[in-house]
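This report concerns only the one structure given below.
Numbering (full-length UniProt numbering), first residue to last: 1 to 113.
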């Protein structure tokens with residue numbers, strides 16, 4: 001492989017890792033509803049915001065073209081938040097089921113047919 005081929009391969013890998021980091025960042029931001037829940041410990045809420053700040057900050061453990069540290073920190077924050085939600089009794093799956101029920105038009109009226 002010549003130099004141009006290696007540069008193209010490196011660019012593709014950088015774009016893929018940046019895409020994964022962006023998807024994880026969006027997932028963290030969508031989980032902000034759980035951040036408002038009083039049953040989730042402050043430690044887990046703080047970890048999520050720290051992950052978001054770390055991802056967008058210019059200071060990294062690894063140089064910027066390598067997003068593995070950002071991805072790892074975001075994954076840790078999401079895992080911690082969902083584990084805390086399960087422990088606190090905030091059912092993420094219940095919220096998803098309710099959302100699907102509303103989307104599907106399966107709302108029932110009490111006493112109605």
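Note that beta-carbon positions come from the ideal geometry of N, C-alpha and C, so glycine has one too.
Residue i, DSSP secondary structure in three states
i	result
residue 57	coil
residue 92	Because residue 92 sits at a pLDDT of 49, beneath the cut-off of 50, its placement in the model cannot be relied upon, and the following sentence gives the value as read from the coordinates. Note: residue 92 maps to helix in three-state DSSP.
residue 19	helix
residue 1	coil
Assigned exposure category for residue i - 16 Cβ within 10 Å defines buried
i	result
residue 34	buried
residue 28	buried
Straight-line Cα distance separating residue j from residue i
i	j	result
residue 20	residue 71	7 Å
residue 30	residue 7	34 Å
residue 41	residue 63	32 Å
residue 14	residue 86	34 Å
residue 1	residue 12	15 Å
residue 4	residue 16	18 Å
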